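A.B. asks:
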Amino acid sequence: MVKDNLTNQHFGRLTVLGDVGKRNGRGRVLWHCLCECGRVTFVQGDHLKNGRIRSCGCLNDEKRHERFKDLTNTETDNFKVIDRAYSKNQRVYWNCICKHCGNHIELQSNQIERYSSCGCKHNRSSKERMAEISNPESLKTNKPTAKSTTGVRGVYYNKRKKRYVAYINVDKKSKYLGSSVDLKEATDIRRKAEIEYGYKQKQ
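Using this note's numbering, the letters of the sequence shown map in sequence onto residues 21 to 223.
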């Protein structure tokens, strides 16, 4: 059976450079292709002709990113989004700060709109919540929340960037302070800001 010569033909983002002798397990030709992004790849001929494969994989990556709206630095009534934490099973998780208690929490995109707090509203009495709302100074504390993953209030670990991120609440808004690969250094950044903004220090 005479094979089709696909050399110099274009399929999506791919240009076929030629047959360099590479075969798959069934003995079919794997065509040497150059993608518009600059990468080279090997693709089975029928996958090129039927449109199943149109790039080296970069096209799928771009479409995947398009589906994930960037929520960095956006806010809802209940959360401030710091940045993207990680992706898992086609779902994006975001590093968020709860506006009610200052706690760090990782949330999916749809949870940011649905959830009313990090859970603190359910764990405290109505009297405590009303006192906090009426007195913003009550948020000025360095006592770690129950859900703290680092043991330091205002410091969380960004899994994607592999850095400890420090932040502080000022006038009910989350303020980014800086980050470090070292927890102690990130803690020091937070402590200096606590002094600057008049936070209560542990006795």
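Here a beta-carbon is modelled for each residue, glycine too, at the ideal position from N, C-alpha and C. These numbers come from a predicted model, not from an experiment.
(1) Consult DSSP for residue 56 and reduce its assignment to one of helix, strand or coil.
(2) Flag this pair as yes or no: are the beta carbons of residue 121 and residue 99 separated by less than 9 Å?
(3) Taking buried to mean at least 16 other C-beta atoms within 10 Å of its own C-beta, is residue 115 buried or exposed?
(4) Just verifying my parser: in three-state terms, what is the DSSP assignment at residue 33?
(5) Hey, residue 207 and residue 185: beta-carbon distance below 9 Å or not?
(6) Which same chain residues end up closer than 7 Å to residue 50 when comparing Cβ atoms and leaving out the 5 residues on each side of it in sequence?
(7) Quick check: the Cα distance between residue 90 and residue 104, rounded to an integer number of angstroms?
(8) Sorted by chain position, which residues of the same chain lie with C-beta nearer than 6 Å to residue 76's C-beta, five sequence neighbours on each side aside?
(9) Given a cut-off of 9 Å on the beta-carbon distance, is the pair residue 35 and residue 57 in contact?
(10) Give me the residue from 80, 203, 132 with the minimum Cα distance to residue 169.
(11) Can you give the beta carbon distance from residue 102 to residue 219, rounded, assuming they're within the 8 Å contact cut?
(12) What does the alpha-carbon distance come out to for the pair residue 21 and residue 30?
(13) Distance cutoff 9 Å, beta carbons only. Does residue 179 sit that close to anything in chain B?
(14) Start and end of the alpha helix (DSSP H) containing residue 124?
(15) For residue 26, does the three-state DSSP call read helix, strand or coil?
(16) Can you give the Cα-Cα distance for residue 73 and residue 67, rounded to whole angstroms?
(17) In three-state terms, what does DSSP make of residue 223?
C.D. replies: Well, looking at it:
(1) It is coil, neither helix nor strand.
(2) The answer is no: Cβ separation not under 9 Å.
(3) By the neighbour-count criterion, in which a residue is buried when 16 or more other Cβ atoms sit within 10 angstroms of its Cβ, residue 115 is buried.
(4) If DSSP states are grouped into helix, strand and coil, residue 33 belongs with coil.
(5) Taking 9 Å as the cut-off, the beta carbon of residue 207 is found no closer than this to the beta carbon of residue 185.
(6) So the qualifying residues of the chain are 42, 43, 44, 62, 63, 64.
(7) Distance from the CA of residue 90 to the CA of residue 104, rounded to the nearest whole angstrom, comes to 8 Å.
(8) The beta carbon of residue 76 is closer than 6 Å to those of 55, 59, 61 in its chain, skipping five residues each way along the sequence.
(9) No. Outside cutoff.
(10) The shortest C-alpha separation from residue 169 is found at 203.
(11) Contact doesn't hold; Cβ gap of about 19 Å is too wide.
(12) With a pLDDT of only 46 at residue 21, under 50, the local geometry of the prediction cannot be trusted, and no value is derived from it.
(13) Chain labels in this structure do not include chain B; a single protein chain is all it has.
(14) Where residue 124 is concerned, there is no enclosing alpha helix (DSSP H), although the beta strand (DSSP E) it sits in stretches over 124 to 128.
(15) Three-state DSSP puts residue 26 in coil, outside helix and strand.
(16) Between the alpha carbons of residue 73 and residue 67 lies a distance of about 6 Å.
(17) Annotation note: pLDDT 48 at residue 223 (below 50); position unreliable, coordinate value reported separately. Coil, per DSSP.
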